[in-house]
Amino acid sequence: MRQAHADDLHDIKAIIDNGREYLKQQGLNQWQMGYPNQDTIATDLELKQGYVLVVDETIAGYAAVIVGEDPVYGVIEAGQWQNDDKCYVTLHRFAMSNEFRGQKLAQRFMTAILSYFYAQNQRDFRIDTHPENFAMQAVITGNGFQKQGHVYIQEGEDHNIRWAYQLVL
C-alpha cells in the first residue's frame, strides 16, 4: 500500500469504473449517479487522501482516507457512534480492480490502511456502505468494524441511506 499520486489517476479511475459496473451487476444503485468521478479522485489526490494497493507494480485497489470530522457522519440514525470524537479516520471510495477481485485482497488492503493509520496514533475508524452491498459489508466486518446505525449520503447519490460502521482500537 502507498499514497496515490497524480500519475495514478487513470488507473484509479479505471478501478472506480470497475467498481461501478460491479455494483450495477449486483443490482445496486450505489455509485450509479456519476459519483465518484474523475474530479472527486483528483481532489483526493490533491489533498493527499488517496491510497492504492499495489500488486506486482499494478494498482489493484483504491481508497480515499480522510482524517477529521466527516459531515455525513454528523447525524446517525437507528443507533449511535461509540464516542463523540471529532477526529477520526473515514474510509471512502473503496474499490478493487476486476483483475484482483475474489482474491481476498480487499480485506488485506483495508487491514493495511488500518495498520498504517494506527501507527500514526489514530484509533477511531468509520466507514459506510449500501445496505445491500454484502461483499463490502463482509470486508468491513471482517476487519472488526461494528454496525452503529445508518447515515444518509448526499453527493451524487440522491440522498441514499448507508449502513454506518465504526472500529475503535
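In case it helps, numbering that gives the first Met the number 0 puts the sequence shown at residues 0 to 168. Beta carbons are placed, not taken as given, at the ideal position from N, Cα and C, and that holds for glycine.
Can the beta-carbon of residue i be found closer than 9 Å to that of residue j?
| i | j | result |
| --- | --- | --- |
| I139 | T128 | yes |
| G143 | A163 | no |
| R125 | T89 | yes |
| L8 | L46 | no |
| A3 | Y34 | no |
| V167 | N82 | yes |
| A63 | H91 | yes |
Provide the residue span of the beta strand (DSSP E) that contains residue i, from first to last.
| i | result |
| --- | --- |
| D123 | 123 to 128 |
| D65 | Reading off the sequence, residue 65 comes out as Ile, not Asp. That run of the beta strand (DSSP E) goes 57 to 66. |
| I160 | 160 to 167 |
Just how far apart, CA to CA, sit residue i and residue j?
| i | j | result |
| --- | --- | --- |
| I40 | G60 | 13 Å |
| D10 | L52 | 12 Å |
| I58 | M0 | 9 Å |
| E131 | R19 | 14 Å |
Report the option in the options whose CA atom is closest to the CA atom of residue i.
| i | options | result |
| --- | --- | --- |
| F99 | A3, F133, L168, A13 | A13 |
| G67 | M95, N17, F116, Q102 | F116 |
| Q79 | R161, K146, T42, D6 | K146 |
| G26 | I152, A134, Q165 | A134 |
Span of the alpha helix (DSSP H) holding residue i?
| i | result |
| --- | --- |
| F116 | 104 to 117 |
| L22 | 8 to 24 |
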